[in-house]
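Okay, structure first, notes after.
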Amino acid sequence: MATLLYRLGRASLRHRRLVAVVWLVVLVGLGIAAATLRGPTASNFTMPGTESQRAIDLLAERFPAASGATGTIAVKAPADGQLATPEGQALVKQVTQEAATLPGVVGAVDPYQSQAISPNGRYALIQVQFAGRADDVTDAQRDAYEKVGAQAEAQGWQIAPGGEVLGGEPEVGSTEALGVLVAAIVLVITFGSLVAAGMTMLNALIGVGVGMAGLFALSGTIELTSTAPILALMLGLAVGIDYSLFITSRHRQHLIEGLSPEEAVGRAVGTAGSAVVFAGATVVIALAGLAVVDIPFLTVMGLAAAGTVTVAVLVAITLAPALLGFAGHRVLPRRLRRAGSTAGTAPANGMAPAEEPTGSGAAEDRSGFGFRWAHLVTRLRVPVILVALLGLGLLAVPAPDMRLALPDASTAAAGSPARVNNDLVREGFGPGFTGRLAVVVTSDSPQATAAAAPQVAKLVQATDGVLAVAPPQTDPTGRTALLGVIPRSGPTDEATEELVHDIRRQVAGVDGADVLLTGATAIGIDVSEKLSDALPVYLLLVVGLSILLLMLVFRSILVPVKAALGFLLTVAATFGITVAVFQEGTLAGLVGLDTPGPLVSFLPILLIGILFGLAMDYEVFLVSRMREDYVHGDTARQATINGMGHGARVVTAAALIMISVFGGFVFLDDPVIKSMGFALAAGVAIDAFVVRMTIVPAVMSLLNTAAWWIPRWLDKILPNVDVEGEGLRAHLADKEPAKV
Numbered sequence: 186m187a188t189l190l191y192r193l194g195r196a197s198l199r200h201r202r203l204v205a206v207v208w209l210v211v212l213v214g215l216g217i218a219a220a221t222l223r224g225p226t227a228s229n230f231t232m233p234g235t236e237s238q239r240a241i242d243l244l245a246e247r248f249p250a251a252s253g254a255t256g257t258i259a260v261k262a263p264a265d266g267q268l269a270t271p272e273g274q275a276l277v278k279q280v281t282q283e284a285a286t287l288p289g290v291v292g293a294v295d296p297y298q299s300q301a302i303s304p305n306g307r308y309a310l311i312q313v314q315f316a317g318r319a320d321d322v323t324d325a326q327r328d329a330y331e332k333v334g335a336q337a338e339a340q341g342w343q344i345a346p347g348g349e350v351l352g353g354e355p356e357v358g359s360t361e362a363l364g365v366l367v368a369a370i371v372l373v374i375t376f377g378s379l380v381a382a383g384m385t386m387l388n389a390l391i392g393v394g395v396g397m398a399g400l401f402a403l404s405g406t407i408e409l410t411s412t413a414p415i416l417a418l419m420l421g422l423a424v425g426i427d428y429s430l431f432i433t434s435r436h437r438q439h440l441i442e443g444l445s446p447e448e449a450v451g452r453a454v455g456t457a458g459s460a461v462v463f464a465g466a467t468v469v470i471a472l473a474g475l476a477v478v479d480i481p482f483l484t485v486m487g488l489a490a491a492g493t494v495t496v497a498v499l500v501a502i503t504l505a506p507a508l509l510g511f512a513g514h515r516v517l518p519r520r521l522r523r524a525g526s527t528a529g530t531a532p533a534n535g536m537a538p539a540e541e542p543t544g545s546g547a548a549e550d551r552s553g554f555g556f557r558w559a560h561l562v563t564r565l566r567v568p569v570i571l572v573a574l575l576g577l578g579l580l581a582v583p584a585p586d587m588r589l590a591l592p593d594a595s596t597a598a599a600g601s602p603a604r605v606n607n608d609l610v611r612e613g614f615g616p617g618f619t620g621r622l623a624v625v626v627t628s629d630s631p632q633a634t635a636a637a638a639p640q641v642a643k644l645v646q647a648t649d650g651v652l653a654v655a656p657p658q659t660d661p662t663g664r665t666a667l668l669g670v671i672p673r674s675g676p677t678d679e680a681t682e683e684l685v686h687d688i689r690r691q692v693a694g695v696d697g698a699d700v701l702l703t704g705a706t707a708i709g710i711d712v713s714e715k716l717s718d719a720l721p722v723y724l725l726l727v728v729g730l731s732i733l734l735l736m737l738v739f740r741s742i743l744v745p746v747k748a749a750l751g752f753l754l755t756v757a758a759t760f761g762i763t764v765a766v767f768q769e770g771t772l773a774g775l776v777g778l779d780t781p782g783p784l785v786s787f788l789p790i791l792l793i794g795i796l797f798g799l800a801m802d803y804e805v806f807l808v809s810r811m812r813e814d815y816v817h818g819d820t821a822r823q824a825t826i827n828g829m830g831h832g833a834r835v836v837t838a839a840a841l842i843m844i845s846v847f848g849g850f851v852f853l854d855d856p857v858i859k860s861m862g863f864a865l866a867a868g869v870a871i872d873a874f875v876v877r878m879t880i881v882p883a884v885m886s887l888l889n890t891a892a893w894w895i896p897r898w899l900d901k902i903l904p905n906v907d908v909e910g911e912g913l914r915a916h917l918a919d920k921e922p923a924k925v
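In this text, residue positions in the sequence shown follow our numbering: the first is 186, and each later residue adds one.
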């Protein structure tokens with residue numbers, strides 16, 4: 186693979202104008218396609234096969250009007266008892282009539298008829314039924330809905346529209362640009378060259394532009410959840426910058442050694458590019474592997490993110506060499522350019538010197554932080570391992586208490602319309618009114634349904650935790666009845682989760698009809714439980730995959746096992762700190778979180794897939810150099826020090842860039858995106874600085890030569906992927922040095 190990429194890198198530089206034009210045409214073409222073919226994103230989470238989803242599908246067939254999006258307008262009078270006065274009744278009826286005539290609305294229920302009036306006569310709830318699903322509601326319809334009751338508010342009343350209809354696509358603004366700015370500063374400091382930093386950033390932005398444009402172009406035919414593009418943008422930016430960073434760093438190193446730009450970029454793509462391809466492949470495999478969970482919205486999210494990562498890899502190994510060709514020696518700091526020209530790094534015959542040996546005998550500066558840190562860690566390896574394990578263990582303590590749920594308005598940003606509505610409903614009626622349940626009773630005959638519905642209502646009303654059960658409504662055929670259920674607890678409370686299971690057990694014995702429990706709360710519980718059940722299976726799949734892939738790369742047994750165990754430490758610590766902040770509220774103010782609550786259901790499984798790929802990225806970059814030096818004659822300890830010394834600066838920069846990009850999403854108001862950005866940033870920090878740059882060299886030093894042991898029979902049957910470029914070195918040894 187290294188030899189093939191070497192040739193690709195040189196060809197991309199030689200034909201740099203063609204490569205640049207091709208990528209520009211692809212970007213513009215996909216941009217036009219995205220603008221013309223883009224479809225709406227979905228905010229609903231479907232879960233085929235669950236009881237709640239079967240009920241939703243049945244309602245869409247039997248109660249088409251009731252299957253549309255719903256809204257709840259909370260009304261608060263200036264004082265107690267005002268809703269009972271003629272003036273108050275007239276005002277509420279006026280708001281109800283206004284809501285009923287909104288575009289896209291099929292009807293609004295008068296709270297006096299539905300008895301949705303609080304005991305103190307100060308609060309009322311107006312139920313609004315839209316014709317289409319929440320995803321079908323246009324921005325104009327949503328804006329009109331949010332402005333309902335303006336005249337009543339002018340008289341001192343509080344009108345707060347809410348409900349699922351307010352769910353919209355999260356917006357990415359200037360806060361994410363801040364993360365990109367920090368990443369750019371890190372690049373400038375790392376390279377000491379504005380040209381190198383700007384070229385690396387441009388390469389990544391083109392890649393993420395192509396990936397996102399392609400994703401939106403497909404959104405007209407593939408239903409994307411509102412979080413899928415955000416996740417794709419996160420990963421596309423982060424890995425795009427990192428992959429270009431790896432290749433540019435190796436290219437600069439070869440230029441300093443005196444190689445021509447074409448030879449330097451060929452070797453950079455052949456070596457660092459091999460690590461990029463492998464790292465990108467692991468991320469893509471892990472994200473695409475989400476399909477095994479068999480949850481449609483999660484599969485789409487994984488494939489969308491995998492697509493942007495694939496584009497980032499292709500851009501890194503083709504466009505980056507082309508841009509490096511345009512930049513020439515300007516990717517080096519001026520002092521190195523001057524030093525190269527005065528010192529005569531190239532021989533007089535115009536030929537570049539052969540590549541220096543990579544062993545400990547090579548002439549190089551070993552006074553940098555990476556080498557000093559490696560010496561310290563390997564000398565104090567046992568205390569370092571114990572302290573690191575203790576610290577990660579403490580971070581992981583809250584992880585077993587993790588609770589999962591789909592987000593509801595109670596954790597929305599303070600002051601947002603959804604949060605204001607939720608707070609008013611809770612204030613006037615209790616938390617159960619914000620998470621109503623629906624019981625669907627269906628049979629083959631109207632008589633059977635009519636007989637079963639009262640029995641079901643009685644059983645549900647008798648269930649502990651139920652506040653009220655609405656009278657059944659039947660469809661035109663009489664074969665299906667719908668009962669509204671109001672629990673005493675909120676949608677994401679543990680008590681509500683227990684209530685859902687209790688109701689299902691209570692009605693399981695009803696004869697003559699099928700009884701299904703649904704509603705947004707029940708759907709959230711079903712989604713969370715299915716994801717929780719899939720989490721161990723997916724984790725086992727990812728860990729097994731990491732061991733297999735690293736065994737191919739490093740021809741070792743203990744190195745892959747060590748890497749997998751380090752990944753598990755990263756996951757446990759990341760789960761723990763995320764639970765502590767977002768669920769338990771520890772230091773929540775630092776991330777701008779208003780209200781702690783359960784983690785979004787798909788966060789853990791998504792985090793495992795993404796962190797797996799990123800962890801393998803740093804593992805390969807550091808350990809491949811260790812193996813490279815070991816097989817060329819260095820001792821195991823010296824090879825470990827060399828790998829850290831050469832890789833620490835680049836891995837540090839790459840990790841800081843990832844943390845900056847992911848951290849930029851923490852400042853968004855949407856709590857789901859906020860938690861994703863925080864968890865990914867924390868996970869990268871833990872994995873890069875604690876696991877890969879501290880525990881890994883300490884353990885490698887402790888294992889010594891045993892780290893590289895592999896049975897002969899296994900070594901023979903494993904294919905040679907040549908990530909570290911041994912085959913490329915043999916290929917170059919047969920060639921004359923390239924001209925400068």
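For every residue, glycine included, the Cβ atom is placed at its ideal position computed from N, Cα and C. If you're wondering where the values come from, they're calculated on a predicted model, not measured in any experiment.
Reduced DSSP secondary structure (H/G/I, E/B, other) of residue i
| i | result |
| --- | --- |
| F863 | helix |
| V294 | strand |
| T410 | strand |
| P271 | helix |
| V196 | According to the sequence shown, residue 196 is Ala rather than Val. Here A196 sits in helix by DSSP. |
| G794 | helix |
| L853 | coil |
| V816 | helix |
| L322 | As written in the sequence, residue 322 is Val, which differs from the Leu given in the question. Coil. |
| V785 | strand |
| V651 | strand |
| L889 | Correcting the residue type first, residue 889 is Asn in the shown sequence and not Leu. Correct three-state label for N889: helix. |
Endpoints, beta strand (DSSP E) assigned at residue i
| i | result |
| --- | --- |
| T257 | T255 to K261 |
| Q312 | Y308 to F315 |
| L622 | L622 to T627 |
| P346 | Q343 to G347 |
Residue i, enclosing alpha helix (DSSP H) - first and last residue
| i | result |
| --- | --- |
| G455 | P446 to A473 |
| I762 | L743 to T763 |
| I302 | Careful: I302 lies outside any alpha helix (DSSP H) and carries neither H nor E. |
| E769 | Note, E769: premise wrong, no alpha helix (DSSP H); not H, not E. |
| D242 | E236 to R247 |
| P481 | P481 to A512 |
| T934 | Residue 934 is absent from the structure shown; the chain starts at 186 and stops at 925. |
| M384 | L379 to L403 |
| K901 | R897 to I902 |
| A339 | A335 to A339 |
Local Cβ density within 10 Å of residue i, reported as buried at 16 or more and exposed below that
| i | result |
| --- | --- |
| T323 | exposed |
| G510 | buried |
| S674 | buried |
| H831 | buried |
| T286 | exposed |
| Q340 | exposed |
| T527 | Interpretation of T527 is limited by its pLDDT of 45, a score under 50 that renders its predicted location unreliable; the figure taken from the coordinates is listed afterwards. Looking at its Cβ environment, which holds fewer than 16 other Cβ atoms inside 10 Å, T527 is exposed. |
| L422 | buried |
| S686 | Per the sequence shown, residue 686 should be read as His rather than Ser. It is exposed - the Cβ of H686 has fewer than 16 other Cβ atoms within 10 Å. |
Short CB-CB distance (under 8 Å) between residue i and chain B
| i | result |
| --- | --- |
| A707 | Here chain B cannot be found, since the structure has a single protein chain. |
8 Å Cβ shell around residue i - same chain, five flanking residues per side excluded
| i | result |
| --- | --- |
| L198 | P446, E447, V450, G451, P506, A507, L509 and G510 |
7 Å CB neighbourhood of residue i in its chain, flanking five on each side removed
| i | result |
| --- | --- |
| V869 | L799, A840, M843, I844 and F847 |
| L720 | P789 and I790 |
| A590 | T677, G709, S713, P783 and S786 |
| V569 | V562, T879 and A883 |
| A873 | Y803, V836 and A840 |
| P296 | V277, I302, A309, L310 and I311 |
Same chain, Cβ closer than 6 Å to residue i, neighbours up to 5 away in sequence not counted
| i | result |
| --- | --- |
| G770 | P781 |
| I241 | T703 |
* Going along the chain, which unbroken runs of the alpha helix (DSSP H) with 4 or more residues stay wholly within the stretch 653-739? -> Listed in chain order, they are 679-692 and 705-739.
* Asked: Where are the alpha helix (DSSP H) runs, 4 residues long or more, that stay fully inside the stretch 555-636, in chain order?
  -> 566-581 and 602-614
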